[in-house]
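*Asks:* Mind looking over this structure? Questions follow.
Protein chains: 2
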Amino acid sequence: MPDWPAPVVAASSPAKPLPRPAPQGWEAIRAEVLHRIHARLWLPGATIPTEEALAQEFGCARATVNRALRDLAEAGVLERRRKAGTRVALHPVRRATLDIPVTRREVEGRGQSYGLHLLEQALLPAPVPVAAQLGLAPATPLLHLCTLHLADGRPFLYEVRWLNPALLPDPAPDFAAISANEWLVGHVPYTTGDIAFSAANATAHEAEVLGLAPGTALFITERCTWSGDRAITAVRLAYAPGYRLHTMV
Amino acid sequence: MPDWPAPVVAASSPAKPLPRPAPQGWEAIRAEVLHRIHARLWLPGATIPTEEALAQEFGCARATVNRALRDLAEAGVLERRRKAGTRVALHPVRRATLDIPVTRREVEGRGQSYGLHLLEQALLPAPVPVAAQLGLAPATPLLHLCTLHLADGRPFLYEVRWLNPALLPDPAPDFAAISANEWLVGHVPYTTGDIAFSAANATAHEAEVLGLAPGTALFITERCTWSGDRAITAVRLAYAPGYRLHTMV
DNA sequence: GGGTTTATTATGTGCAGACATAATATCCTC
DNA sequence: GAGGATATTATGTCTGCACATAATAAACCC
Numbered sequence: 001m002p003d004w005p006a007p008v009v010a011a012s013s014p015a016k017p018l019p020r021p022a023p024q025g026w027e028a029i030r031a032e033v034l035h036r037i038h039a040r041l042w043l044p045g046a047t048i049p050t051e052e053a054l055a056q057e058f059g060c061a062r063a064t065v066n067r068a069l070r071d072l073a074e075a076g077v078l079e080r081r082r083k084a085g086t087r088v089a090l091h092p093v094r095r096a097t098l099d100i101p102v103t104r105r106e107v108e109g110r111g112q113s114y115g116l117h118l119l120e121q122a123l124l125p126a127p128v129p130v131a132a133q134l135g136l137a138p139a140t141p142l143l144h145l146c147t148l149h150l151a152d153g154r155p156f157l158y159e160v161r162w163l164n165p166a167l168l169p170d171p172a173p174d175f176a177a178i179s180a181n182e183w184l185v186g187h188v189p190y191t192t193g194d195i196a197f198s199a200a201n202a203t204a205h206e207a208e209v210l211g212l213a214p215g216t217a218l219f220i221t222e223r224c225t226w227s228g229d230r231a232i233t234a235v236r237l238a239y240a241p242g243y244r245l246h247t248m249v
Numbered sequence: 001m002p003d004w005p006a007p008v009v010a011a012s013s014p015a016k017p018l019p020r021p022a023p024q025g026w027e028a029i030r031a032e033v034l035h036r037i038h039a040r041l042w043l044p045g046a047t048i049p050t051e052e053a054l055a056q057e058f059g060c061a062r063a064t065v066n067r068a069l070r071d072l073a074e075a076g077v078l079e080r081r082r083k084a085g086t087r088v089a090l091h092p093v094r095r096a097t098l099d100i101p102v103t104r105r106e107v108e109g110r111g112q113s114y115g116l117h118l119l120e121q122a123l124l125p126a127p128v129p130v131a132a133q134l135g136l137a138p139a140t141p142l143l144h145l146c147t148l149h150l151a152d153g154r155p156f157l158y159e160v161r162w163l164n165p166a167l168l169p170d171p172a173p174d175f176a177a178i179s180a181n182e183w184l185v186g187h188v189p190y191t192t193g194d195i196a197f198s199a200a201n202a203t204a205h206e207a208e209v210l211g212l213a214p215g216t217a218l219f220i221t222e223r224c225t226w227s228g229d230r231a232i233t234a235v236r237l238a239y240a241p242g243y244r245l246h247t248m249v
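Chains A and B supply the protein sequences, listed in that same order. Under full-length UniProt numbering, the first residue of the first sequence carries the number 1, and numbering increases by one thereafter. Under full-length UniProt numbering, the first residue of the second sequence carries the number 1, and numbering increases by one thereafter.
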């Protein structure tokens, strides 16, 4: 089962916007609408012409206009309501999409070698805040995993995870060989999740594990996931300094 | 719609009302495809049937299947390529969408009062890293703005911005009254942007401005935006402790 | 006037058919 | 067999048309 030929997408330098090759079809319509908004022909809060009218103006089918406007609405540029029509968003929010890969791939994607140290694995009663976050009864037994992820042999990420043991198969996976996250994305369907990013000073323990001075600023990711209404896992990731979560809009 | 939706309600016992009202149309197809992936009927990396085949199976038009599969591809669950077909993503990335509102609305959205202190405004030659980020010649004159944003009168966010003065109208806006970001989203079209999140220890200056102890971990957002190929602005936001960037998937 | 019902209307979604496009598979030539 | 032209094929998109849905506007009644 060979891997799919790697998508030949050169990693673009983050600071170089490219000239767009005049689009056609629904993308042309999207571009034209965007242009009119930017040119302040259609002001924020104003209602723009109906799909029908635009279709006639552009000489295309209403479905094509619909495609373009729907895309802009998803991007937060337009607000659409049945009967009320389509308006230019009054308070445009920048809507960015983040790709959150598995840590191993993130490290390998930088051309570094990936390593993994399972520091702790134990079945413990869930601490109150964790149980509350996941919506479980306090002291529900959960699998507690502490893992240090390495990039080129150096500490990259310290992961503290609480995992619902009910989801594991009988011969439980060897989390010293495959990270819990990687095993989960491949084996447990998830429906809803919850992600928060923040910053925190390294605790004495975190500093020791990551090989840093205590108090170093760490980038923190916290995630909870559920499959339907069943809690899957809660995890806290503390990244070594230098980590940047990056996205383009 | 003949032989398929098999409305779960009709077939199952009346005593089990599903929380989500069984979707219909293209969303039902999306749900069914997701279900098959989660049920490991279609394994990661495997090619799933063609749109045509699925349309026949579900008794709907190909366009409807297309809508569902396209949605799942945008969500990162499927990978689609012409001629090659549609595959279950081998390395599913969690794709989260972030809404990044204007700071004033972010503060007001928490029910706090918003305030703004313009600490510095000067036309200065762009420092090398800033010029490089924006793709400008070194020492291009840029408007340098330092702003402290307040929530309920307490420091919330310290903003350091470099702004292309060519974009400003002749009577330049009063950035002591309206934040540069808020003015920009309303008046300058942007096409591409670039956002990075990280963590950093507060410098002595930042600590003083934000009223914190030096070294406190700060959540940092850095953004660059362009309008076409013209640089608009580069900005660094340092959030006071407690800030969390949050999203649900 | 105030409240409820009904009509109107823009968007949301559906269908069938068609052509465009890109990537693969195949055949042909050397 | 290697390399290149060609056929095949699954997805991408477009067109008309139809009906569903939701939210507003109008009509209506008291």
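In this text, a Cβ means the ideal position worked out from N, Cα and C, and glycines have one as well. Here the structure is a predicted model, which is why all the values come from computation and not from measurement.
#1: Nearest to A/E120 by CA position, among A/G85, A/R110 and A/L143, is which residue?
#2: Tell me the residue span of the alpha helix (DSSP H) that contains A/G186.
#3: Is B/D71 close to chain A? Criterion is C-beta to C-beta, closer than 8 Å.
#4: Measuring CB to CB, does A/A96 end up less than 8 Å from A/V249?
#5: Please list the residues of the stretch 83-109 of chain A that have a C-beta atom closer than 7 Å to any C-beta atom in chain B, keeping them in chain order.
#6: For A/H187, which of B/I37, B/T86 and B/W26 has the nearest alpha-carbon?
#7: Would you mind working out which of A/D170, A/G228, A/A39 and A/A199 sits nearest A/P240, comparing C-alpha positions?
#8: Measure the C-alpha to C-alpha separation of B/I220 and B/H91 and round it to an integer number of angstroms.
#9: Of the choices A/T233, A/I178 and A/C60, whose alpha-carbon is the least far from that of A/A132?
#10: Which chain A residues sit within Cβ distance under 8 Å of B/L218?
#11: Can you give the beta carbon distance from A/A180 to B/A217, rounded, assuming they're within the 8 Å contact cut?
#12: Please check if any C-beta of chain B sits within less than 8 Å of the C-beta of A/R30.
#13: Could you check the C-alpha separation between B/D229 and A/R87 for me, to the nearest Å?
#14: Counting contacts by CB-CB distance shorter than 8 Å, is B/Y158 in contact with chain A?
#15: Taking C-alpha atoms, which residue in B/H246, B/T247, B/A61 and B/Y114 lies nearest to B/I29?
#16: What span of residues does the alpha helix (DSSP H) with A/W26 cover, start to end?
#17: Apart from the five residues on each side of it in sequence, which residues of its chain come closer than 7 Å, Cβ to Cβ, to A/A75?
#18: I want to verify the contact list: residues of chain A whose CB lies under 8 Å from the CB of B/P44, in sequence order.
#19: Tell me whether A/A238 is buried or exposed, calling it buried when 16 or more other Cβ atoms sit within 10 Å of its Cβ.
#20: Using a Cβ-Cβ cut-off of 7 Å (strictly less than) and excluding sequence neighbours within five positions of A/A137, which residues of its own chain qualify?
#21: Quick one: list the residues of chain A neighbouring B/I195, beta-carbon separation under 7 Å, in chain order.
#22: Give me the DSSP bridge partner(s) of B/P125.
#23: Below 7 Å on C-beta distance, what does A/Y243 contact in chain B?
#24: So what does A/E79 bridge to, in DSSP terms?
#25: Would you decide whether A/V9 is buried or exposed? Buried here means 16 or more other CB atoms lie within 10 Å of its CB.
#26: Does the Cβ of B/C60 lie closer than 7 Å to at least one heavy atom of the ligand GDP?
#27: What whole-angstrom Cβ distance do A/I178 and B/T247 have, given they're in contact under 8 Å?
#28: Going by DSSP, name the residue or residues bridged to A/Y239.
#29: For A/R236, which residues in the same chain have their Cβ closer than 7 Å to its Cβ, ignoring the five residues on either side in sequence?
#30: Out of curiosity, what's the CA-to-CA distance linking A/T203 and A/F156?
#31: With a cut-off of 8 Å, does the C-beta of B/T203 fall near any C-beta of chain A?
#32: When the Cα of B/E106 is compared with those of B/E182, B/Y190 and B/E57, which residue comes out closest?
#33: With a cut-off of 8 Å, does the C-beta of A/T64 fall near any C-beta of chain B?
#34: For A/T192, return the contacting residues in chain B, with the cut-off set at a CB-CB distance below 9 Å.
*Replies:* On the basis of the supplied data:
#1: The shortest C-alpha separation from A/E120 is found at A/L143.
#2: Looking at the DSSP string, the run of the alpha helix (DSSP H) that includes A/G186 is A180 to H187.
#3: Not an interface residue.
#4: Yes, the pair counts as a contact, with Cβ atoms nearer than the cut-off.
#5: Listed by position along the chain: H91, P92, V93, R94, R95, A96, T97, L98, D99, I100, P101, V102 and R105.
#6: Residue B/I37 holds the alpha-carbon nearest to the alpha-carbon of A/H187 among B/I37, B/T86 and B/W26.
#7: The amino acid at residue 240 of chain A is misidentified as Pro; the sequence shows Ala. The alpha carbon of A/A240 has as its nearest neighbour, out of A/D170, A/G228, A/A39 and A/A199, the alpha carbon of A/A199.
#8: Distance between the alpha carbons of B/I220 and B/H91: 29 Å.
#9: Cα-wise, what sits closest to A/A132 is A/T233.
#10: Per Cβ cutoff of 8 Å: A199 and A217.
#11: That pair is no contact at about 26 Å.
#12: No - not a single Cβ of chain B is within 8 Å of the one on A/R30.
#13: Near 27 Å, if we compare the C-alpha coordinates of A/R87 and B/D229.
#14: Not one chain A Cβ lies under 8 Å of B/Y158.
#15: With distances taken between Cα atoms, B/I29 lies closest to B/A61.
#16: A/W26: member of the alpha helix (DSSP H) spanning W26 to H38, first to last residue.
#17: So the qualifying residues of the chain are R95.
#18: Taking a Cβ-Cβ threshold of 8 Å, the residues of chain A close to B/P44 are G186, in chain order.
#19: Its Cβ being crowded by 16 or more others within 10 Å, A/A238 is buried.
#20: For A/A137, where only same-chain residues beyond five positions count, the Cβ hits under 7 Å are A131.
#21: Listed along chain A, the residues sitting closer than 7 Å to B/I195 by beta-carbon distance are A96, T247 and V249.
#22: Answer is B/P141.
#23: The contacting residues are S198.
#24: When beta bridges are read from the DSSP output, A/E79 appears opposite A/R87.
#25: Residue confidence is low: A/V9 scores 37 on pLDDT, short of 50, so the model does not pin down where it sits. No coordinate-derived value is stated.
#26: In the structure on display, the ligand GDP does not appear, and there are no ligands present to speak of.
#27: With 8 Å as the limit, A/I178 and B/T247 do not qualify as a contact, their Cβ atoms being about 26 Å apart.
#28: Bridge partners of A/Y239 according to DSSP: A/L157 and A/F219.
#29: Correct list, in chain order: V160, I220 and E222.
#30: Going from the Cα of A/T203 to the Cα of A/F156 covers about 16 Å.
#31: Not one chain A Cβ lies under 8 Å of B/T203.
#32: Out of B/E182, B/Y190 and B/E57, B/E182 has the C-alpha closest to the C-alpha of B/E106.
#33: False, the Cβ-Cβ gap to chain B never drops below 8 Å.
#34: Residues of chain B with a Cβ closer than 9 Å to the Cβ of A/T192 are, in chain order, M248 and V249.
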